[in-house]
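**Student:**
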Amino acid sequence: PYSRYPAYTITFDSGYDSDGLIDVFIPADAFRVGQNETRMAKFKELLTYTNAVPRVGSDEEIHIFTPTTSGTTYSNEYSLAKGRDFHNYFSKRFRRRIVSPNYITFKSHPAHDDEYTGFAKDASADLTDMLERETHFVRAASNAQCTALAGALLSKLQMQSEKGSGVLPFVHFGQETYDFVNFIDARAGDSRAGNVGSMVKFYQPGQFNMSLGFGRVPFGVPSLQGLAKETGITVQALLPLIDQAYSYIEQLIDIVGDKVDINDFNQWVLDFVDDAYFRKVEISERFKMPVGANKFG
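For the sequence shown, this note's numbering begins at 134 and goes up steadily by one.
1) Within the stretch 253–312, note down every full beta strand (DSSP E) run reaching 3 residues or more, in order along the chain.
2) Are three or more beta carbon pairs between the stretch 262–269 and the stretch 230–243 nearer than 8 Å?
3) In chain order, what residues of the same chain have a beta carbon less than 8 Å from the beta carbon of MET249, not counting five sequence neighbours either side?
4) Residue range of the beta strand (DSSP E) that PHE164 falls in?
5) Less than 9 Å between the C-beta atoms of GLY348 and ASN328, yes or no?
6) Comparing C-alpha positions only, which one of LEU282, THR201, TYR211 sits nearest to GLY299?
7) Could you have a look at LEU180 and say whether DSSP puts it in helix, strand or coil?
8) Would DSSP call ALA326 helix, strand or coil?
9) Opposite GLY346 in the DSSP bridges: which residues?
10) What is the C-beta distance between ALA285 and PHE252, in whole angstroms, given that I count them as a contact (C-beta under 8 Å)?
11) At a cut-off of 8 Å, would you count LEU345 as near the ligand GTP, judging by its Cβ distance to the nearest heavy atom?
12) Looking at PHE145: is its Cβ nearer than 9 Å to the Cβ of PHE198?
13) Would you mind stating whether VAL166 and LYS175 have Cβ atoms separated by less than 9 Å?
14) Taking its Cβ as the centre, do 16 or more other Cβ atoms sit within 10 Å of LEU290, making it buried, or is it exposed?
15) If you measure between the beta carbons of PHE313 and THR183, is that distance less than 9 Å?
16) In the DSSP assignment, find the unbroken beta strand (DSSP E) run with ARG188 in it and report its ends.
17) Any idea which residues DSSP pairs LYS240 with across the strands?
18) Just to confirm, is the Cβ distance from GLU194 to TYR236 under 9 Å?
19) If I follow the unbroken beta strand (DSSP E) through HIS196, where does it start and stop?
20) Note down, in chain order, each residue of its chain lying with its Cβ closer than 6 Å to the Cβ of ALA258, except the 5 sequence neighbours on either side.
21) Rounded to whole angstroms, what is the Cα-Cα separation between SER191 and ILE143?
22) VAL304 and PHE270: beta carbons closer than 9 Å?
23) Helix, strand or coil for SER147? Go by DSSP, reduced to three states.
24) Could you work out which residue in SER203, SER208, ILE155 is closest to PRO187 when comparing CA atoms only?
25) How many Å lie between PRO302 and GLU170 at the Cα?
26) DSSP beta-bridge partners for TYR336?
27) For the candidate residues ARG325, ASP150, VAL333, GLY339, whose alpha-carbon lies nearest to that of THR310?
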């Protein structure tokens with residue numbers, strides 16, 4: 134009955150199973166596919182039980198891998214100091230958002246015969262009035278598995294919390310989302326590492342650069358049609374539309390050309406996002422399933 138739908142090749146990269154969950158945990162009756170639910174929605178749901186993330190590669194396959202989130206081994210390093218060992222960048226901006234929710238609990242459902250539970254919490258959960266809990270019922274095999282599940286989800290929330298950005302004086306075509314990179318400011322003795330969540334490439338005559346942002350990884354943007362409805366709109370529905378508005382602003386820059394300094398504009402956008410995004414939506418993730426056979430977007 135599903136022969137009308139195109140098939141997509143999924144490749145599991147080395148180290149994808151380092152969390153000990155993706156090949157072991159069986160959600161059983163905690164997982165179900167409802168009418169009109171999409172393959173992508175269920176694909177995303179299953180990956181929330183692991184440390185793994187999806188990324189479409191140049192081979193047009195969906196790669197499943199566990200991103201590096203700490204340490205001193207980086208996919209790329211960017212520095213204000215010129216030199217062959219680093220890529221240069223124009224400017225930087227560092228921020229750290231509160232992880233929300235910051236206290237994750239996985240436990241057996243009260244109706245289950247077994248009673249397993251486990252939790253993971255971010256350091257921000259210990260701050261005054263900042264504790265925000267989230268509980269998930271699962272068909273777990275042990276307390277340790279519940280703890281591992283909670284840790285996997287929390288690690289993604291931590292990774293998606295925005296932590297900084299930088300503007301490069303060139304377009305680095307080898308840069309990919311989820312790459313663990315480091316920005317170094319030798320003059321200030323400062324550095325900040327994080328996972329790339331967004332990339333914006335800009336070109337106009339005489340100017341070709343790129344901005345990188347840490348944090349959440351947007352995989353597609355919904356239409357602005359929702360704003361035309363007479364009924365109210367929720368915060369969860371509104372914030373993704375801001376992303377769509379940003380893409381329109383980029384088109385506007387193409388029109389006005391050299392009348393706008395792209396570095397000033399990028400800084401304005403970062404300041405705007407800093408003020409406009411709500412905590413709850415800041416850590417959300419969206420993934421757009423490619424449309425048509427061998428078409429990825």
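In this text, a Cβ means the ideal position worked out from N, Cα and C, and glycines have one as well.
Remember, predicted model here, so these are calculated numbers, not experimental data.
**Tutor:** The structure says:
1) If we require 3 residues or more, the beta strand (DSSP E) runs fully inside the stretch 253–312 come out as 266–270, 297–301.
2) Yes: at least three Cβ pairs fall under 8 Å.
3) What you label residue 249 is simply residue 116 of the sequence shown in a count that begins at 1. It should be noted that the sequence gives Tyr, not Met, for residue 249. If the five residues before and after TYR249 are omitted, its C-beta is found closer than 8 Å to the C-beta atoms of LYS240, SER241, ALA273, ALA274, SER275, ASN276, GLN278, CYS279, all from its own chain and listed in chain order.
4) Residue 164 sits at position 31 when you count from the first residue of the sequence shown. Taken as a continuous stretch (DSSP letters only), PHE164 belongs to no beta strand (DSSP E), as it is neither H nor E.
5) Within the sequence shown, residue 348 is the residue found at index 215, counting from 1. Within the sequence shown, residue 328 is the residue found at index 195, counting from 1. Contact: yes.
6) Within the sequence shown, the letter at position 166 stands for residue 299. For the set LEU282, THR201, TYR211, the Cα lying nearest the Cα of GLY299 is the one of TYR211.
7) Looking up residue 180 in the sequence shown gives position 47. Helix.
8) For the purposes of this step, residue 326 is taken as residue 193 along the sequence shown, with counting starting at 1. Three-state result, ALA326: strand.
9) Residue numbering aside, residue 346 sits at position 213 when the sequence shown is read from its first letter. GLY346 pairs with SER298, SER331.
10) Residue mapping note: residue 285 aligns to position 152 of the sequence shown, counting from 1. Residue mapping note: residue 252 aligns to position 119 of the sequence shown, counting from 1. Between PHE252 and ALA285 the Cβ distance is about 12 Å, and since that is not below 8 Å, they are no contact.
11) The ligand GTP is not part of this structure, which contains no ligands at all.
12) Working through the sequence shown from its first residue, we reach residue 145 at position 12. Working through the sequence shown from its first residue, we reach residue 198 at position 65. PHE198 sits close to PHE145, with the two beta carbons spaced by under 9 Å.
13) Within the sequence shown, the letter at position 33 stands for residue 166. Within the sequence shown, the letter at position 42 stands for residue 175. Cβ distance < 9 Å, so VAL166 and LYS175 count as in contact.
14) Here residue 290 refers to the residue found at position 157 when the sequence shown is read from its first residue. By the Cβ-count criterion, LEU290 is buried, with 16 or more other Cβ atoms from all chains shown falling within 10 Å of its own Cβ.
15) Counting from one through the sequence shown, the residue named residue 313 turns up at place 180. Counting from one through the sequence shown, the residue named residue 183 turns up at place 50. Taking 9 Å as the Cβ cut-off, PHE313 and THR183 do not qualify as a contacting pair.
16) Position 55 of the sequence shown, counted from the start, is the residue given in the question as residue 188. Counting along the chain, the beta strand (DSSP E) containing ARG188 begins and ends at 186–189.
17) Counting from one through the sequence shown, the residue named residue 240 turns up at place 107. By DSSP's assignment, LYS240 forms a beta bridge with THR250, PHE270.
18) Taking the sequence shown and counting its residues from 1, one reaches residue 194 at position 61. Taking the sequence shown and counting its residues from 1, one reaches residue 236 at position 103. No, these two residues do not count as a Cβ contact at 9 Å.
19) Position 63 of the sequence shown holds residue 196. Secondary structure note for HIS196: its beta strand (DSSP E) is the uninterrupted segment 195–198.
20) For the purposes of this step, residue 258 is identified with residue 125 of the sequence shown, where counting begins at 1. Shown here for ALA258: same chain residues with a beta carbon closer than 6 Å to its own, the five before and five after excluded, namely ASN235, TYR236, LEU264 in chain order.
21) As a working note, residue 191 is residue 58 in the sequence shown. As a working note, residue 143 is residue 10 in the sequence shown. Cα-Cα distance, rounded: 13 Å.
22) Position 171 of the sequence shown, counted from the first residue, corresponds to residue 304. Position 137 of the sequence shown, counted from the first residue, corresponds to residue 270. In this structure, PHE270 does not lie closer than 9 Å to VAL304 by Cβ.
23) Here residue 147 refers to the residue found at position 14 of the sequence shown. The answer is coil: DSSP assigns SER147 none of H, G, I, E or B.
24) Numbered from its first residue, the sequence shown carries residue 187 at position 54. Checked all of SER203, SER208, ILE155; the closest Cα to PRO187 is ILE155.
25) On the sequence shown, position 169 is the one that residue 302 refers to. On the sequence shown, position 37 is the one that residue 170 refers to. Computed Cα separation, rounded: 43 Å.
26) Here residue 336 corresponds to residue number 203 of the sequence shown, with the count starting at 1. TYR336 is bridged by DSSP to PHE341.
27) Numbered from 1 along the sequence shown, position 177 holds the residue referred to as residue 310. The residue with the shortest Cα to Cα distance from THR310 is VAL333.
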